[in-house]
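Protein chains in written order, with this note's numbering: chain X, 2 to 686; chain C, 13 to 78.
Note sheet for the following structure.
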């Protein structure tokens with residue numbers, strides 16, 4: 002009886018999901034409610050978890066409930082702690098969900114909400130969640146060792162070394178792009194700049210409080226921080242409206258970039274308890290809170306999707322990011338569909354806290370489905386905005402000009418009717434002087450969130466508050482990522498240079514610390530600066546590079562998983578990781594090579610260098626450059642970006658070659674050759 | 013009658029784990045049971061130890077994503 006009911010319930014879920022997906026996919030006009038998108042996504046997640054996530058756990062991994070996990074084997078109450086599965090789910094989710102899933106879908110909305118939504122759903126089910134759970138499984142069977150370590154031991158030291166260089170390059174790109182998102186959001190916005198700057202003294206107060214006044218009271222300090230933060234947010238409006246104070250917090254992109262670079266250096270050499278830890282607490286709680294509120298808000302307000310299902314920009318002529326639907330849509334939405342960075346988290350703290358292997362599908366697969374849901378909500382937030390306003394916010398100034406009249410004319414000529422009054426009104430509603438060319442996802446998401454939240458609390462009068470709340474919440478966790486990421490890069494730099502100069506490894510040395518931090522900051526800072534002065538506005542150029550890097554890391558992780566499956570003699574199930582690995586390799590290699598060699602200067606870096614180089618030869622200056630020096634810099638930067646993109650391609654091809662060699666070797670052996678720890682079937686390494 | 017005290021305890025544990033801070037009582041219980049001969053860290057020491065471990069790191073220690 003109960004099995005019959007359960008079967009009926011799953012059938013009902015499938016039917017509702019299919020219905021919702023049908024409405025989302027085939028209904029035209031302005032009458033598709035965002036709730037259908039949410040329902041379609043949630044039904045997909047349940048079905049995928051029940052029928053694919055659990056299948057992977059039972060058949061592919063063959064999780065063993067009797068096998069001792071690292072948390073039990075090494076239980077120390079500190080790093081290795083068997084943890085309740087729901088608590089661990091929260092921990093894992095908080096670690097994987099950052100700014101990525103909020104930005105990609107917003108940019109991808111330029112092709113309409115449908116292509117991006119379908120990729121988010123298909124990507125998470127067949128690639129992203131598979132990667133996260135497989136890496137978690139493999140790390141759990143190897144004492145919770147890191148991805149780099151596992152690649153080294155399963156595929157050889159050369160493959161491991163190449164993968165490490167790849168990870169460092171990806172970190173650099175991520176930090177640069179995330180910092181660029183903050184720069185784009187804060188340029189010329191005194192309200193936003195003031196509140197984001199206020200987070201620094203607030204974090205310092207929290208840090209001192211939890212170190213000396215009431216040691217270790219996370220709840221109290223977070224509450225104090227939250228109250229101060231909201232006060233700063235409210236007061237920010239006065240700052241923006243004051244003729245004396247506003248100029249103090251109004252900056253151009255270049256200045257903001259330099260401030261961020263300096264801040265990144267100082268923040269990451271300070272002791273962790275003073276700035277990084279308190280801000281991490283604040284941003285984590287704010288992030289989880291904001292995500293829950295956004296989900297509730299969408300269900301309560303039930304907004305209609307105003308963006309068409311598919312726009313004409315699927316042909317690759319879109320202003321937000323360049324390149325056609327294949328491969329660039331699949332690159333633009335990385336986090337939320339599949340994110341290679343998660344392989345580092347799934348082989349980090351989470352495997353050290355699993356109570357039993359049977360929880361791997363819930364935490365690895367389920368955790369990624371949850372992040373995908375965040376991406377769907379970002380897609381909703383971007384699609385309920387008037388499309389004309391969306392394009393005004395996300396197109397580079399080089400295309401739409403810098404004033405509302407010209408921008409409205411250009412965007413209307415693309416078929417998205419908008420008037421200058423609408424653009425000015427939208428800026429006024431959220432307490433800004435202009436909303437033009439604020440690419441990078443955060444401001445667009447903030448406008449969408451402000452529409453939803455103000456529909457629940459405060460109405461139009463509160464839109465400015467909610468807009469800046471959303472900006473603050475994104476900037477806060479991006480700054481935390483910049484700080485933590487710079488530290489991680491510093492250790493990687495020390496480790497790599499230490500390989501040839503062992504004294505450089507000493508992490509306690511202040512000299513080493515300052516030099517390695519300086520190198521790390523210089524690398525991402527340089528790319529950030531090139532993004533700020535980029536002719537296409539930076540995001541257009543750098544976000545695809547980030548997407549390529551992130552997805553290539555996923556490809557590398559999936560190649561490793563495939564190798565291990567062959568070494569475990571489970572090749573009949575290897576398609577589970579081969580299929581997404583092949584798809585990711587096709588997308589990223591195509592996109593990577595197009596970014597280098599494409600004929601269009603908007604897509605190919607070499608073509609861009611050639612175009613500006615030719616202009617230099619004729620003595621002409623092309624916008625946005627104003628001097629010959631800037632022209633030369635753009636050419637040089639294009640070569641740097643081309644080198645980076647080609648570097649990513651080489652890393653992936655090299656890992657693929659080593660993967661194939663390892664698979665061939667594994668097939669020649671008639672016994673399992675995977676190097677696992679514990680359990681009876683495979684000997685201890 | 014639901015047990016609010018236990019529920020609050022779970023919620024507190026879960027929120028602290030969101031930022032990577034494990035349960036102190038559990039650590040003390042584990043330590044007294046398995047290593048009675050070595051001194052137990054005070055809550056203050058435990059808090060500092062966990063903060064340094066989460067953020068102080070080393071190569072490859074990445075606690076959060078983009």
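A virtual CB, placed ideally from N, CA and C, is assigned to each residue, including glycine.
Model, not experiment: these values are computed from the prediction.
Does any residue of chain X bring its CB to less than 8 Å from the CB of residue 21 (chain C)?
no
Which one of X:157, X:122, X:89, X:85 has the shortest CA to CA distance from residue 19 (chain X)?
X:122
Taking all protein chains shown into account, do 16 or more other C-beta atoms lie within 10 angstroms of the C-beta of residue 621 (chain X), making it buried, or fewer, making it exposed?
exposed
DSSP-derived helix/strand/coil call for residue 484 (chain X):
helix
When the distance is taken between beta carbons, is residue 17 (chain X) closer than 8 Å to residue 306 (chain X)?
no
Could you tell me whether any Cβ in chain X is nearer than 8 Å to the Cβ of residue 64 (chain C)?
yes
Using a Cβ-Cβ distance cut-off of 8 Å, determine whether residue 76 (chain X) contacts chain C.
yes
Among X:343, X:143, X:647, which residue has its Cα nearest to the Cα of residue 675 (chain X)?
X:143
So residue 96 (chain X) packs on residue 28 (chain C), CB below 8 Å; how close in whole Å?
Not confirmed; about 14 Å, so no contact.
Counting only beta-carbon separations shorter than 8 Å, does residue 15 (chain X) have a partner in chain C?
no
Can you give me the C-alpha to C-alpha distance between residue 232 (chain X) and residue 241 (chain X), rounded to a whole angstrom?
14 Å
Neighbouring residues, chain X, relative to residue 59 (chain C) (Cβ below 7 Å):
216, 217
Indicate whether at least one CB of chain X lies closer than 8 Å to the CB of residue 34 (chain C).
yes
Could you have a look at residue 623 (chain X) and say whether DSSP puts it in helix, strand or coil?
coil
Closer than 8 Å to chain C by CB, residue 346 (chain X):
yes
Alpha carbon of residue 137 (chain X) to alpha carbon of residue 652 (chain X), nearest angstrom
23 Å
Residue environment, residue 24 (chain C), which counts as buried when at least 16 other CB atoms sit within 10 Å
exposed
Is there a Cβ of chain C sitting closer than 8 Å to that of residue 350 (chain X), yes or no?
yes
Where residue 91 (chain X) meets chain C, residues with beta-carbon distance less than 9 Å:
26, 27, 29, 30
Local Cβ density within 10 Å of residue 685 (chain X), reported as buried at 16 or more and exposed below that
Only weak support is given to the placement of residue 685 (chain X): the predicted model assigns it a pLDDT of 38, under 50, and the value that follows is read from those uncertain coordinates. Exposed, because fewer than 16 other Cβ atoms sit within 10 Å of the Cβ of residue 685 (chain X).
State the DSSP-derived secondary structure class of residue 305 (chain X), mapped to helix, strand or coil.
strand
Chain-ordered neighbours of residue 282 (chain X) on chain C, where CB pairs are closer than 8 Å
31
How about residue 225 (chain X) and residue 210 (chain X): are their beta carbons less than 8 Å apart?
yes
Does the segment 504 to 522 of chain X come into contact with the segment 608 to 623 of chain X, if we say contact requires no fewer than three beta-carbon pairs (one atom in each stretch) closer than 8 Å?
no
Would you say the beta carbon of residue 18 (chain X) is closer than 7 Å to some non-hydrogen atom of the ligand FAD?
In the structure on display, the ligand FAD does not appear, and there are no ligands present to speak of.
Jot down the residue ranges of each uninterrupted alpha helix (DSSP H) in the segment 247 to 295 of chain X, minimum 4 residues, whole runs only, in chain order.
254 to 270
Please classify residue 228 (chain X) as buried or exposed, where buried requires at least 16 other C-beta atoms within 10 Å of its C-beta.
exposed
Where residue 350 (chain X) falls, given that 16 or more other Cβ within 10 Å makes a residue buried:
buried
Using DSSP bridges, identify the partner residues of residue 34 (chain X).
X:305
Bridge partner(s) assigned by DSSP for residue 355 (chain X):
X:84
Could you tell me whether the segment 394 to 403 of chain X touches the segment 352 to 371 of chain X, using the rule of 3 or more Cβ pairs below 8 Å?
no
Can the beta-carbon of residue 667 (chain X) be found less than 8 Å from the beta-carbon of residue 596 (chain X)?
no
Residue 64 (chain X) to residue 87 (chain X) span [Cα, whole Å]:
19 Å
At the 8 Å Cβ level, is residue 277 (chain X) part of the contact set with chain C, yes or no?
yes
Pick from X:310, X:201, X:518: whose alpha carbon is nearest that of residue 281 (chain X)?
X:201
Per DSSP, what kind of secondary structure is residue 189 (chain X) in: helix, strand or coil?
coil
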